[in-house]
Amino acid sequence: MSTITQSSPANVTTEADQSAPAHAMEAQPDLFAATEPLLTVLSFGGGQDSTALLELYINDPAFRKRYAPRDFMVVMSDTGDEFPETYAHVEKMRERCASHGIEFNFLTADQGWHQGDWTSLLNFFQAKNTIGSKAFPKTCTDRLKLQPIYRFLENWLSKKYGVQCHHKKGIREFAMMHGKIQVMIGIAKGEERRVADPAKNPNRWYRDSIHNIYPLIDLGMDRAACQAYIANQGLPVPIPSNCRSCPWLSLEELEYLRRFHAEHLDVWVGLEAAKLEKHRDKELVLVPTATGTKTVNKNYGVFGTMPLPVKIREAKEKFADWSDERVREYRMSHGHCVATAY
Ligand code: SF4
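Okay, so the sequence shown: first residue is 1 according to my numbering, each after it adds one.
This is the structure we're talking about:
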């Protein structure tokens with residue numbers, strides 16, 4: 001296992017899908033190389049599923065042999081909008097990795113792997129005077145997590161294995177020389193619908209170079225089993241991770257925010273109000289129908305045309321008889337209901 005390294009400033013690449021470069025085509029695969037994958041990368045999310053995977057890697061030799069037999073590295077990209085509990089947990093796991101000689105890379109915006117206005121979720125909202133909404137296409141996971149991770153990964157590969165670093169050519173070069181990179185993803189049993197079809201990824205470099213693995217599904221571990229495994233290692237179980245300002249929050253999660261992170265809720269409400277104010281002209285949009293036209297409100301907030309303060313009131317009333325302990329318990333035991341596929 002390798003030692004902790006600092007992430008370096010980005011030699012950021014574009015996302016263009018490039019054909020195999022001449023440099024990579026010249027590289028010759030090692031025909032006598034071991035059939036075991038050389039590199040496994042744990043995509044760490046800071047929540048329960050990926051923490052269970054990291055603990056399995058630390059504690060279980062059979063798990064290591066089966067899922068990450070050779071080089072191993074952990075990486076997480078900061079959305080800038082995680083719960084304080086999650087940041088505290090990430091720090092704890094970073095220290096835990098250090099004590100076990102496992103490389104843990106937490107990609108924060110100051111390191112340069114995030115691009116443009118996507119240095120954090122809230123920064124994007126502020127810069128564009130917009131808000132994350134259920135009514136809009138979801139780009140946040142790609143911009144805040146996947147793109148920074150793969151920019152970093154190519155740079156990291158170039159330093160560690162000597163491949164080039166340019167438009168993902170280095171990732172392809174690595175795969176050609178050493179086999180596909182295994183990316184270990186924390187999707188628990190029962191969440192199989194979140195497993196992405198690799199053939200549908202639009203980037204050829206990705207299809208040619210990345211092989212996602214889902215050990216929790218393989219091992220039949222659901223969320224409860226992950227929580228139990230973490231607790232059995234004598235560790236506090238973290239909350240499921242997700243952005244505080246995610247439009248896919250459930251009403252229960254909104255109530256958790258209202259009770260325990262009210263100051264953030266005020267910020268979020270303010271951002272939505274600014275967005276709605278700026279786009280008042282979209283509130284009366286004429287759209288054609290079979291019989292003529294009708295007027296439609298297309299000025300969407302977090303939950304579509306229902307403003308966030310109304311949803312907050314709805315949650316407050318619905319869970320008025322829930323104790324704080326019950327709200328916390330719900331938050332701990334339910335993963336985030338985002339239908340993101342990885
Ligand atoms: S948790 Fe929600 S807001 Fe954050 S990246 Fe995922 S989908 Fe986007």
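Just so it is clear, CB atoms sit at the ideal spot from N, CA and C, and this is done for glycine as well.
If you're wondering where the values come from, they're calculated on a predicted model, not measured in any experiment.
Legend entry - 9 Å Cβ cutoff met for E272 and P307: yes
Inset, instruction - Indicate the three-state DSSP secondary structure (helix, strand or coil) for G45 in the structure shown. - result: coil
Legend entry - Inter-stretch contact at 8 Å, needing at least 3 Cβ pairs: the segment 199 to 217 / the segment 87 to 98: no
Legend entry - Spatial distance of T291 from Q227 (CA atoms): 55 Å
Legend entry - Pairwise C-alpha distance: H334 and E325: Distance between the alpha carbons of E325 and H334 is about 14 Å.
Inset, instruction - Provide the residue span of the alpha helix (DSSP H) that contains L122, from first to last. - result: For L122, the enclosing alpha helix (DSSP H) has its first and last residue at 121 to 128.
Legend entry - Helix, strand or coil at M306 according to DSSP, with G and I counted as helix: strand
Legend entry - Any non-hydrogen atom of ligand 1 within 8 Å of D49 CB: no
Legend entry - G132 CB to nearest heavy atom of ligand 1 below 8 Å: G132: yes, Cβ under 8 Å from ligand 1.
Legend entry - Helix, strand or coil at L235 [DSSP, three-state]: coil
Inset, instruction - Indicate, with yes or no, if ligand 1 has a heavy atom lying under 8 Å from the CB of T119. - result: no
Inset, instruction - Ignore the nearest five residues each way along the sequence and tell me which others in Q182's own chain have a CB closer than 6 Å to its CB. - result: Exclusion of the five residues before and after Q182 leaves P37, T40, H211, I213 as the residues of its chain whose Cβ lies within less than 6 Å of its Cβ.
Inset, instruction - With hydrogens ignored, establish whether the beta-carbon of T86 is closer than 8 Å to any heavy atom of ligand 1. - result: no
Legend entry - Assigned exposure category for V310 - 16 Cβ within 10 Å defines buried: By the neighbour-count rule (16 or more Cβ atoms within 10 Å), V310 is not buried but exposed.
Inset, instruction - From the DSSP output, in three-state form, read off H167 for me. - result: coil
Legend entry - Outcome for H178 when other beta-carbon atoms lying within 10 angstroms are tallied against a minimum of 16: buried
Inset, instruction - Verify whether the separation of the beta carbon atoms of Y300 and A135 is less than 9 Å. - result: Yes, these two residues count as a Cβ contact at 9 Å.
Inset, instruction - Work out the CA separation of T293 and E192 for me, nearest whole Å. - result: Rounded to the nearest whole angstrom, the CA to CA distance from E192 to T293 is 42 Å.
Inset, instruction - With DSSP as the reference, label F104 as helix, strand or coil. - result: strand
Inset, instruction - Please confirm whether any heavy atom of ligand 1 lies closer than 8 Å to the CB of K145. - result: Checking the Cβ of K145 against ligand 1 gives yes.
Legend entry - With 16 other Cβ atoms within 10 Å as the buried cut-off, status of A22: Caution is warranted here: a pLDDT of 43 is assigned to A22, below 50, making its placement in the model unreliable, and the coordinate value is therefore given only provisionally. Under this definition A22 is an exposed residue.
Legend entry - Ranges of the alpha helix (DSSP H) found wholly within the segment 139 to 212, counting only runs of at least 4: Taking only runs of at least 4 residues, the alpha helix (DSSP H) segments lying wholly in the segment 139 to 212 are 147 to 161, 169 to 178, 204 to 209.
Legend entry - Cβ shell of L123 (< 7 Å), same chain only, five flanking positions each side left out: In the sequence as presented, Leu is not what sits at residue 123; that position holds Asn. Excluding positions up to five away in sequence, the list reads G80, D117.
Inset, instruction - Tell me whether T35 sits in a helix, a strand or coil according to DSSP, three-state version. - result: coil
Legend entry - Three-way DSSP call (helix, strand, coil) for T293 in this model: strand
Inset, instruction - Tell me whether D266 sits in a helix, a strand or coil according to DSSP, three-state version. - result: helix
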